[in-house]
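S.K.: Structure incoming, see below.
Number of protein chains: 4
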Amino acid sequence: MDPSAREEACFEAGIKFGALYHQFAGTPVSPESATSLEHAIEEAITNQPHCESVAVDIDPEKLDTEHGYTELGGEHMTVEMGIEYEGREVTARMAMENGYPLMAIESVTE
Amino acid sequence: MDPSAREEACFEAGIKFGALYHQFAGTPVSPESATSLEHAIEEAITNQPHCESVAVDIDPEKLDTEHGYTELGGEHMTVEMGIEYEGREVTARMAMENGYPLMAIESVTE
Amino acid sequence: MDPSAREEACFEAGIKFGALYHQFAGTPVSPESATSLEHAIEEAITNQPHCESVAVDIDPEKLDTEHGYTELGGEHMTVEMGIEYEGREVTARMAMENGYPLMAIESVTE
Amino acid sequence: MDPSAREEACFEAGIKFGALYHQFAGTPVSPESATSLEHAIEEAITNQPHCESVAVDIDPEKLDTEHGYTELGGEHMTVEMGIEYEGREVTARMAMENGYPLMAIESVTE
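Residue numbers (the working numbering), protein chains in the order written: chain E, 6 to 115; chain S, 6 to 115; chain R, 6 to 115; chain U, 6 to 115.
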């Protein structure tokens, strides 16, 4: 079967999460540089088609500063995203669950 | 509304495409190294949850060899992927369309 | 032979250039989001050891906006970097030369 | 001062290490897919200018398989590289030291 508009919206949401994670994971980050990285990730991913909003929160308390900085990973951030495709809206979220950065759809509009 | 299993399957398909593209775009590639890169991408992404199959085809004729190698981009490859989520199957594809590496769902099982 | 302090400084400079390029190449970027990306790259790479300064200049006029955004590549930016290792200072630069994003040492202090 | 050929060789070695690390860190990897990833990294980086040899060893015993795969990081691999620049040869190595993936020059030919 062909995908519905809702399914397309979910596909687009997934693309943005995969892109965000694999583009920016590994970036050197410290408590001092976390804010500029949050903004850059938000603005970069919002450029992509159908992406209405991206909110990235890097928790400075989770950043290991033993060597002054660490590499950004899923364990350091939560991400909320709003996608719109042909009038259908998806909200999706990435957060840690059982030691794994779980990406999940929170809701799809009817 | 909560997402359906089909919508979840589409979300998962999108994640894999975004991951594949943003992990490997920029990799130095030449006609000689294209095959090992294809295999590594296929095996790497197949590790991810719900990913049943990945086929990557890098076209050596599209690789600019003026400097001996180029950086992998969407214009060099096509990707086909099979995702399975709670019994629903999605096939999706990335290929160039109008100068843009378009990722699209080809079909979703009922 | 063991490397000298100057050689170590040059090695460190190279690491930062390779890291910068391969971490951020492929990031979705538009004229509107270029400034936040410049700042994030500068602050991210400055976290790394021996890195005293990083200046990234993304030229908005070089960004293809046919699809609203493009993926960051060497052709869009110039980078200047200052590295210090055991009292030796290296300045290095990345800019386009003959269609190739050339990374080069500009000077090493005695 | 202008850099010497030895200093240029060290700069080039650094570029390759930074590139290798930030291109491939984050790649999904399992004991089953480690070998194809090693080969792809070796062939990809060897494409770059002045790079004579790259040997990547991913230790399957260090890969966390709780979720079936993990993301490639410095703690999973050692890398040896040979660089040649205007007749000068550098050998360099990346391995874990005190919890940090240390990149170091091993020797520079006279």
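All residues carry an ideal CB built from backbone N, CA and C; glycine is no exception.
Quick check on DSSP: helix, strand or coil for Gly87/S?
M.R.: Position 82 of the second sequence, counted from the first residue, corresponds to residue 87/S. Strand.
S.K.: What three-state label does DSSP hand Ser41/R in the structure shown?
M.R.: On the third sequence, position 36 is the one that residue 41/R refers to. If DSSP states are grouped into helix, strand and coil, Ser41/R belongs with the helices.
S.K.: Give the range of the alpha helix (DSSP H) segment to which Glu17/E is assigned.
M.R.: Taking the first residue of the first sequence as position 1, residue 17/E is located at position 12. Where Glu17/E is concerned, the enclosing alpha helix (DSSP H) stretches over 10-29.
S.K.: Please report the Cβ distance between Arg98/U and Glu111/U, rounded to the nearest whole angstrom; I am assuming they are in contact, meaning their Cβ atoms lie under 8 Å.
M.R.: As a working note, residue 98/U is residue 93 in the fourth sequence. As a working note, residue 111/U is residue 106 in the fourth sequence. Sure, about 5 Å apart at Cβ, within 8 Å.
S.K.: Within 10 Å of its beta-carbon, does Thr114/U have 16 or more other beta-carbons around it, so buried, or fewer, so exposed?
M.R.: Start at 1 with the first residue of the fourth sequence, and residue 114/U comes out as number 109. The Cβ neighbour count for Thr114/U, taken over all protein chains shown within 10 Å, is under 16; the residue is labelled exposed.
S.K.: In the DSSP assignment, find the beta strand (DSSP E) that holds Leu107/R and state where it starts and stops.
M.R.: Locating residue 107/R in the third sequence gives position 102, counting from the first residue. Where Leu107/R is concerned, the enclosing beta strand (DSSP E) stretches over 105-113.
S.K.: Which chain E residues are close to His72/U, counting only those with a beta carbon under 7 Å from its beta carbon?
M.R.: Counting from one through the fourth sequence, the residue named residue 72/U turns up at place 67. Those are Tyr105, listed as they occur along chain E.
S.K.: Three or more C-beta pairs under 8 Å: does that hold for the stretch 53-62 of chain U against the stretch 79-92 of chain U?
M.R.: Touching, yes.
S.K.: Return the Cβ separation of Ala18/E and Gly19/S in integer angstroms, given the expectation that the two are a contact with Cβ distance under 8 Å.
M.R.: As a working mapping, residue 18/E is identified with position 13 in the first sequence. As a working mapping, residue 19/S is identified with position 14 in the second sequence. A Cβ-Cβ distance of about 6 Å is found for the pair Ala18/E and Gly19/S, placing them in contact under the 8 Å criterion.
S.K.: In whole angstroms, give me the CA-to-CA distance for Phe22/E and Cys56/R.
M.R.: Start at 1 with the first residue of the first sequence, and residue 22/E comes out as number 17. Start at 1 with the first residue of the third sequence, and residue 56/R comes out as number 51. Each residue's alpha carbon lies about 31 Å from the other.
S.K.: Helix or strand or just coil, what does DSSP make of Pro33/E?
M.R.: Your numbering for residue 33/E matches position 28 in the first sequence. Strand.
S.K.: Kindly list, in the order they appear in chain E, the residues whose Cβ is closer than 8 Å to that of Gly31/R.
M.R.: The residue given as residue 31/R occupies position 26 in the third sequence. Residues of chain E passing the Cβ test: Gln28.
S.K.: Compare the C-alpha of Glu37/E against each of Gln53/R, Leu25/R, Gly31/R, Ala24/R and name the closest.
M.R.: As a first step, residue 37/E is located in the first sequence; it is residue number 32 there, counting from the start. Looking at the Cα atoms, Gln53/R is the closest of the given residues.
S.K.: Starting from Thr70/S, trace the beta strand (DSSP E) in both directions and tell me its first and last residue.
M.R.: On the second sequence, residue 70/S is found 65 positions in, with the first residue counted as 1. Per DSSP, Thr70/S lies in no beta strand (DSSP E) and is assigned neither H nor E.
S.K.: Please decide whether Ile63/U counts as near chain S, where near means a Cβ-Cβ distance under 9 Å.
M.R.: Indexing the fourth sequence from 1 puts residue 63/U at position 58. Chain S contact via Cβ: absent.
S.K.: Using a C-beta cutoff of 9 Å, does Glu89/S count as contacting chain R?
M.R.: Sequence index remark: in the second sequence, residue 89/S carries index 84 (1-based). No, its Cβ sits nowhere closer than 9 Å to a Cβ of chain R.
S.K.: Which term fits Thr51/S, buried or exposed, when burial requires 16 or more other beta carbons within 10 angstroms of its beta carbon?
M.R.: Counting from 1 along the second sequence, the entry for residue 51/S is found at position 46. Under this definition Thr51/S is a buried residue.
S.K.: Between Leu107/S and the rest of its own chain, which residues show a CB-CB distance below 8 Å, the 5 nearest in sequence each way excluded?
M.R.: Here residue 107/S is taken as the residue at index 102 of the second sequence, counted from 1. Excluding residues within five positions, the ones whose Cβ falls inside 8 Å are Met99, Ala100, Met101.
S.K.: Measuring alpha carbon to alpha carbon, tell me which of Asp7/S, Asn103/S, Ser9/S, Leu77/S ends up nearest Ser35/S.
M.R.: Residue 35/S sits at position 30 when you count from the first residue of the second sequence. Measuring from the Cα of Ser35/S, the nearest candidate turns out to be Leu77/S.
S.K.: Less than 9 Å between CB atoms is the rule here; does Glu76/U satisfy it with respect to chain E?
M.R.: What you label residue 76/U is simply residue 71 of the fourth sequence in a count that begins at 1. For Glu76/U, the answer is yes, since a Cβ of chain E falls inside 9 Å of its Cβ.
S.K.: Going by C-alpha distance, which of Phe29/S, Cys15/S, His27/S, Tyr105/S is nearest Asp69/R?
M.R.: Locating residue 69/R in the third sequence gives position 64, where the first residue counts as 1. Among Phe29/S, Cys15/S, His27/S, Tyr105/S, the Cα nearest to that of Asp69/R is on Tyr105/S.
S.K.: What residue range is occupied by the uninterrupted beta strand (DSSP E) comprising Asp62/S?
M.R.: Reading the second sequence from its first residue, position 57 is the one you call residue 62/S. Asp62/S -> beta strand (DSSP E) spans 56-63.
S.K.: Roughly how many whole angstroms lie between the Cα atoms of Ile46/R and Met6/E?
M.R.: Against the third sequence, residue 46/R aligns to sequence position 41. Against the first sequence, residue 6/E aligns to sequence position 1. The straight-line gap from Cα to Cα measures roughly 43 Å.
S.K.: By Cβ distance, which residues of its chain are closer than 6 Å to Gly31/R, with the 5 residues on each side in sequence left out?
M.R.: Taking the third sequence and counting its residues from 1, one reaches residue 31/R at position 26. Excluding positions up to five away in sequence, the list reads Glu76.
S.K.: Would you tell me roughly how many angstroms separate the C-alpha atoms of Val95/E and Arg11/R, rounded to the nearest one?
M.R.: By one-based count along the first sequence, residue 95/E stands at place 90. By one-based count along the third sequence, residue 11/R stands at place 6. In a straight line, the C-alpha of Val95/E is about 54 Å away from that of Arg11/R.
S.K.: Mind checking whether His27/U and His27/R have CB atoms under 9 Å apart?
M.R.: Your numbering for residue 27/U matches position 22 in the fourth sequence. Your numbering for residue 27/R matches position 22 in the third sequence. Yes, Cβ-Cβ distance for His27/U and His27/R is below 9 Å.
S.K.: Relative to the C-alpha of Pro65/E, which residue among Ile88/E, His44/E, Thr40/E, Glu89/E is closest?
M.R.: Position 60 of the first sequence holds residue 65/E. If we check each option's Cα against that of Pro65/E, Thr40/E comes out closest.
S.K.: Is there at least one Cβ from chain S nearer than 9 Å to Thr51/E's Cβ?
M.R.: For this step, residue 51/E is matched to residue 46 along the first sequence. Put simply, the CB of Thr51/E is far from chain S, with every gap to its CB atoms at 9 Å or more.
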